[in-house]
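Heads up: the sequence lines are chains W and F, in that order.
Each residue of the first sequence is one higher than the one before, counting from 2 in our numbering.
Each residue of the second sequence is one higher than the one before, counting from 155 in our numbering.
Glycine included, C-beta positions come from ideal geometry on N, C-alpha and C.
From a predicted model like this one, the values you see are computed outputs, not experimental measurements.
Structure first, commentary second.
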Amino acid sequence: MNFRDLRLRVRAVFAPRRVERELDDELAFHIERETRKHVAAGLNLTDARARARARFGSAALAADQCRDARGTAFVDTAVRDDALRTFRRTPLVALTIVGTIAVGLGLVAAVFTIFNTFVFSVNPVRDPDALFAVERVAAPNSERVRFTWPDYEALRRETDVFSGAFARLVDIDSRIEGRVMGGELVTGNYFDVLGVNAALGRSLTPADDVRHAGRQVLVLSHRGWSRLFASDPDIVGREVTVGGFRYVIVGVMPERFRGLGLAPPDYWAPLSLMGQVRPIHAGREDTIGIEIIGRLKPGLSRTTALAGLAVWASRGAGGISADGRPGSITLEPRRTFVTLSAEVMLVFLPIFFVFGLILLIGCANVANLLLARALSRQREIGIRLSVGASRHRIIRQLLTESLVLALASAVCAFAIARLVLQVTVSVVLRTLPPELAENVSITAPGTDWRVAVFLVIAAIASTVLFGLVPALQGTRLDLIRTMRGEVTSDSRPRRARNALIVVQVTASALLLICASIFLRGALRASTADPGWRLADNVIVEINNEPFRQAMVAATTADPAVTMVAAMWPGVLGQPRAVFAQASGSPQAEGHRSPEAYRFVSPEYFNLLDIRVLRGRAFTQSEASSNAAVAMVSESTARTIWPNQEAVGQVLRLEADQHSETRRQDEPTLPSSTFTVVGVVRNVAGFRMAGYPEAGVYVPASPARAETDLIARVHGDPEIVRRTLLERLTSIDPNMGLVLTMRTLGRMETYLLQVGFWVTVVLGGLALILTVSGVFGVLSYLVERRTKEIGVRIALGATSANVTALVLGQSLRVVGIGLIAGAALAWILATVLMTTSAAAQIGGIVNVFDLPAYAASLLCIVIACILAASLPAARAARIDPIATLRQD
Amino acid sequence: MARQPVPDILAGTLDLLILRTLQHERRHGWAISERIQQISLDVLQVNQGSLYPALHRLEHQGWIDAEWGISELGRRAKYYRLTTAGRRQLAVEAGEWERMAAAIARVMKMA
């Protein structure tokens with residue numbers, strides 16, 4: 002395309018009338034000049050003009066081809082042919098099409114908006130392309146070892162690949178002045194390296210973050226400022242209490258700055274104050290894993306930088322546990338929140354697929370509608386073809402009509418996507434248990450130009466889906482018969498229509514099967530018994546050891562609390578793995594079996610309704626003295642002492658070195674051999690936890706560090722929870738969570754319910770679209786076949802025959818769709834179970850749940866019969882005399 | 155069903171003929187077709203329905219330039235003129251044509 006060409010095209014787009022007039026003038030001049038020539042040769046004016054016209058041929062056609070040469074056909078067709086002219090006459094049809102496509106596009110766009118925030122949305126900092134996180138590569142079958150503060154300092158001292166590098170510790174949820182705030186601890190150069198300035202006051206500086214002398218200052222994010230301080234313009238200089246220390250708010254960051262996460266934390270504070278903000282880390286700051294992110298020096302490639310870092314790592318620098326393996330360090334780009342990878346696509350593709358099904362079904366419906374319309378427009382199209390319009394051109398016009406409608410849908414879809422996201426967020430916040438809802442702050446992800454571009458592309462793609470077949474079918478005409486007013490009934494449109502219904506039924510079946518699998522999973526989960534008494538227990542997490550004694554005393558003293566037990570790990574923590582083995586007499590020395598254990602106080606069993614079957618529970622003195630006694634579950638007892646009474650036996654426990662990374666300060670077993678004093682009922686634990694509950698218990702008291710409390714309360718546990726929370730925050734304003742067991746029980750089914758509602762809404766939409774599609778097609782066919790049906794009735798067909806004819810025609814097609822849908826679901830389920838996530842999925846839902854399959858298929862069959870019965874009834878009522886008299 | 159214009163001039167040569175007629179002076183569409191007909195002693199008849207699309211195409215390619223002027227009838231007419239790029243193109247296409255014509259002539263004579 003050269004410059005002249007561009008100029009002409011631009012002119013054709015922006016001054017179309019003028020260009021058109023010039024074209025008309027030019028062609029008219031030619032005919033006029035030719036006429037003059039003939040007149041000069043002696044013809045009279047009329048003959049001369051006729052001859053000139055005849056010689057020229059179709060002026061309209063020539064004009065058309067000139068327009069084609071212009072290369073602005075689309076705009077031309079849209080503007081000059083007035084793409085919406087035909088739809089202006091039938092606004093309801095246009096509205097139906099736009100509505101159907103807009104819902105489909107809106108749903109897909111909502112998913113894309115989330116995808117966009119994760120993958121494409123660039124971190125709002127200076128030159129994000131140069132930002133890389135330094136990470137250790139995990140050795141096979143073990144967790145990644147994180148860098149620590151000494152590593153960070155060594156890296157800054159000993160390498161020179163970064164022009165600046167900062168460290169951070171994220172997701173610090175703490176209770177500040179009674180409210181949970183999410184914070185991020187960062188080194189003083191954080192804002193400087195990212196190149197972001199404060200909107201109000203100042204950001205953090207290296208002077209704020211001197212080791213052992215950090216200034217007690219914090220910087221609010223815009224969200225934290227508006228969420229927690231009502232956008233107070235005089236916020237700078239205000240003091241808040243964090244972990245018992247006074248902190249000064251020195252600044253507020255601009256709204257667009259969200260740090261390097263999906264959403265900004267509420268505040269940033271100097272990393273050197275880690276011990277104050279999280280007292281649990283006090284005194285061992287050097288061992289806490291932190292994240293190191295740096296800005297590569299200009300001109301340095303990732304590979305070169307990585308080589309430099311590898312050399313540094315292999316020197317054994319970086320304090321603890323730096324192994325000399327080559328490739329033990331990687332640089333992860335921090336341009337966006339996550340980098341697009343196969344794993345990310347594995348998560349998002351199924352979601353796109355499921356939501357895209359609605360768009361697909363909608364497109365099928367619209368295609369059906371347009372196929373029917375194309376038939377009623379046969380006359381118009383036939384006339385245009387016979388006066389010389391090319392088929393190519395008419396197809397283009399039909400497609401342009403579709404595209405204009407699709408683009409209108411895309412505009413609506415933009416609004417629908419926002420609505421879907423906002424409604425989802427508010428529904429989630431409203432249905433979450435209150436103690437969780439008050440601590441999370443979910444906002445609908447933002448929209449940007451990428452979503453708009455995505456919508457335009459999706460609109461064009463759906464135009465092809467719903468517009469191409471009708472356009473091709475509608476222009477394949479027998480001209481002569483069309484001109485005579487006969488409607489050509491090609492067999493192909495019927496085939497196309499049937500194929501579309503099969504697609505719709507398949508997709509609806511797939512979605513409804515998913516929905517019923519989730520529903521049955523949720524039902525099963527809600528009836529499953531974790532083995533703990535849930536109704537009236539409240540969990541109290543103790544985060545800060547200095548306050549333990551006061552917290553335990555306050556909890557025990559609460560009038561609503563009747564009993565208190567302690568446990569480690571907490572209800573939500575994974576019991577530590579050990580190898581358990583019978584010990585004592587040599588012949589009893591059995592094989593080592595993997596088990597998990599918890600520290601529990603004597604009240605634990607009574608409080609959570611775990612019956613002691615044989616022997617006895619721990620005594621208070623055993624609990625406070627860390628006695629070497631243990632209790633085992635029924636099944637553990639059976640595994641270790643298959644043919645013997647477990648009570649009184651000696652049990653040897655050996656820590657499993659490989660299964661997990663151990664926190665340095667966690668309680669350790671007091672010895673390696675324990676006397677079994679009791680056997681208790683098995684405890685299943687929460688299904689969502691995904692690990693086996695403890696089979697071995699060792700004694701502890703609430704005074705023991707790290708343990709959490711469980712309190713049996715009377716009255717409404719939720720009210721008790723709130724009063725407890727209030728009382729305890731006055732002791733430790735920085736305390737951890739207080740949760741009712743009932744809430745945890747509810748969380749068990751919550752995610753399944755989310756899955757169920759999402760798929761049921763999608764499945765419902767799919768079913769409505771499918772049913773309306775089936776209904777539309779059948780009504781149309783009955784109308785078209787009125788005469789034929791009239792003849793059949795006249796020849797003696799009963800109304801039952803006619804109903805059967807119409808129903809049979811639709812049910813065959815629906816049947817094919819059902820089989821295809823069920824087969825597809827089964828295949829997808831099989832594929833899913835071969836992936837690494839199989840174990841987890843299998844624990845939550847049964848993807849081969851036959852009753853779920855049957856129920857959803859039945860649901861579709863009933864819906865389709867209902868949709869078909871109306872046209873069938875109408876067919877049965879056809880009056881043969883009236884139809885035969887029609888011509 | 156699409157009606158392709160019947161090429162009454164050897165396919166692909168219309169562009170060449172148009173460029174050649176415009177080599178020395180600007181002409182409007184009718185004059186171009188008249189000129190081709192006259193010079194070829196009525197052997198080559200330009201299908202007028204394909205002349206104008208060709209002119210528009212050449213204009214878009216930047217080989218000819220259009221301007222409005224007053225015609226011999228005293229009426230406004232659209233005149234076409236060869237551009238510098240068009241002159242180069244004419245030279246290329248004329249060369250091609252001669253090579254082709256000579257080749258065909260040789261085949262006719264000797265094969």
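With respect to the beta strand (DSSP E) encompassing residue i, which residues constitute its N-terminal and C-terminal limits?
i, result
"residue 232 of chain F", "230 to 236"
"residue 634 of chain W", "630 to 634"
"residue 45 of chain W", "Neither: residue 45 of chain W is in no beta strand (DSSP E) and is coded neither H nor E."
"residue 258 of chain W", "That residue, residue 258 of chain W, is in no beta strand (DSSP E); it is neither H nor E in DSSP."
"residue 538 of chain W", "538 to 541"
"residue 563 of chain W", "562 to 569"
"residue 180 of chain W", "180 to 187"
"residue 1 of chain W", "The requested residue 1 of chain W does not occur in the structure, where chain W is confined to residues 2 to 888."
Taking residue i as the reference, give the member of the options with the closest Cα.
i, options, result
"residue 431 of chain W", "W:755, W:155 and W:153", "W:755"
"residue 341 of chain W", "W:119, W:406 and W:556", "W:119"
"residue 303 of chain W", "W:133, W:191 and W:250", "W:133"
"residue 161 of chain W", "W:760, W:307 and W:710", "W:307"
"residue 772 of chain W", "W:863, W:65 and W:722", "W:863"
"residue 181 of chain W", "W:267, W:705, W:149 and W:551", "W:267"
"residue 7 of chain W", "F:175, F:250 and F:213", "F:213"
"residue 682 of chain W", "W:605, W:745, W:692 and W:731", "W:605"
"residue 410 of chain W", "W:851, W:835, W:104 and W:848", "W:104"
"residue 270 of chain W", "W:301, W:592, W:208 and W:294", "W:208"
"residue 55 of chain W", "F:206, F:208, F:201 and F:210", "F:201"
"residue 785 of chain W", "W:70, W:750, W:510 and W:879", "W:879"
"residue 804 of chain W", "W:871, W:835 and W:513", "W:871"
"residue 578 of chain W", "W:401, W:656, W:273 and W:391", "W:656"
"residue 394 of chain W", "W:874, W:623 and W:69", "W:69"
"residue 255 of chain W", "W:348, W:288, W:376 and W:125", "W:125"
Along chain F, which residues have their Cβ under 7 Å away from the Cβ of residue i?
i, result
"residue 31 of chain W", "183, 184 and 202"
"residue 28 of chain W", "206"
"residue 66 of chain W", "207"
From the DSSP output, in three-state form, read off residue i for me.
i, result
"residue 263 of chain W", "coil"
"residue 582 of chain W", "strand"
"residue 233 of chain W", "coil"
"residue 260 of chain F", "helix"
"residue 337 of chain W", "strand"
"residue 769 of chain W", "helix"
"residue 694 of chain W", "coil"
"residue 447 of chain W", "coil"
"residue 848 of chain W", "coil"
Which residues in chain W have a C-beta closer than 8 Å to the C-beta of residue i? List them in chain order.
i, result
"residue 180 of chain F", "What residue 180 of chain F touches in chain W: nothing, since even the nearest Cβ is about 14 Å away."
Could you list which residues in chain F have their beta carbon closer than 9 Å to that of residue i, in chain order?
i, result
"residue 6 of chain W", "213, 214, 215 and 216"
"residue 376 of chain W", "Near residue 376 of chain W there are no residues of chain F at all, since even the closest Cβ is about 18 Å away, more than 9 Å."
Tell me the residue span of the alpha helix (DSSP H) that contains residue i.
i, result
"residue 877 of chain W", "851 to 877"
"residue 206 of chain F", "202 to 215"
"residue 600 of chain W", "That residue, residue 600 of chain W, is in no alpha helix (DSSP H); its beta strand (DSSP E) goes 594 to 601."
"residue 881 of chain W", "881 to 886"
"residue 128 of chain W", "Neither: residue 128 of chain W is in no alpha helix (DSSP H) and is coded neither H nor E."
"residue 172 of chain F", "168 to 175"
"residue 1 of chain W", "Only positions 2 to 888 of chain W appear in this structure, which leaves residue 1 of chain W out of reach."
Using the beta-carbon of each residue, which ones in chain W are nearer than 7 Å to residue i?
i, result
"residue 231 of chain F", "30"
Determine the chain F residues that contact residue i at a beta-carbon separation under 8 Å, and present them in chain order.
i, result
"residue 57 of chain W", "202 and 203"
"residue 9 of chain W", "213 and 214"
"residue 850 of chain W", "Correct list: empty, because the minimum Cβ distance to chain F is about 54 Å."
"residue 69 of chain W", "207"
For residue i, return the contacting residues in chain W, with the cut-off set at a CB-CB distance below 9 Å.
i, result
"residue 227 of chain F", "30, 33, 34 and 37"
Measuring only from the beta carbon, is residue i closer than 6 Å to any heavy atom that is part of the ligand NAD?
i, result
"residue 722 of chain W", "The ligand NAD is not among the ligands present in this structure, which contains no ligands whatsoever."
_I want to know whether the region 108 to 127 of chain W touches the region 417 to 430 of chain W - three or more CB-CB distances under 8 Å._
Result yes; three or more Cβ-Cβ pairs closer than 8 Å.
*Three or more C-beta pairs closer than 8 Å, one from the region 378 to 385 of chain W and one from the region 442 to 459 of chain W: is that the case here?*
Short answer: they don't touch.
*the region 668 to 678 of chain W touching the region 695 to 713 of chain W, judged by at least three CB pairs closer than 8 Å*: Enough Cβ pairs lie closer than 8 Å, so yes.
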